[in-house]
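Take a look at the structure below.
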Amino acid sequence: MPELLKSASPLSRQALLAIGLEEVAYIRRHLADGMPRFAVHAADGRLLGDFDAQASAAAACWQNDLEPVSVH
């Protein structure tokens, strides 16, 4: 194992949740009333929005300077 990894201290839960908080948003497909929807979540899991099209969800991310990442 590289020395750098041996000396690294583990991240706290809060620090781990904060990674990418202001840079990444996660898009997750789900069903609402039998229709596909696309929820946008912050890196810490907070719901930021819900859209009827994946392209709309991604556009909302870009408009807010967030990089969209698709989650399955």
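For the sequence shown, the positions run -18 to 53 when the working numbering is used. Every residue, glycine too, gets a C-beta built ideally from N, C-alpha and C. All of these numbers come straight from a predicted model, not from anything done at the bench.
Pair within 8 Å by beta-carbon distance, residue i and residue j
i: residue 2; j: residue 20; result: no
i: residue 8; j: residue 36; result: no
i: residue 18; j: residue 31; result: yes
i: residue 28; j: residue 6; result: no
Three-state secondary structure assigned by DSSP to residue i
i: residue 68; result: Only positions -18 to 53 of the chain appear in the structure, and residue 68 is not among them; the question remains open.
i: residue 24; result: coil
Run of the beta strand (DSSP E) containing residue i, from where it starts to where it stops
i: residue 53; result: Looking at the DSSP string, residue 53 is not in any beta strand (DSSP E), and its letter there is neither H nor E.
i: residue 0; result: From DSSP, residue 0 is part of no beta strand (DSSP E); its letter is neither H nor E.
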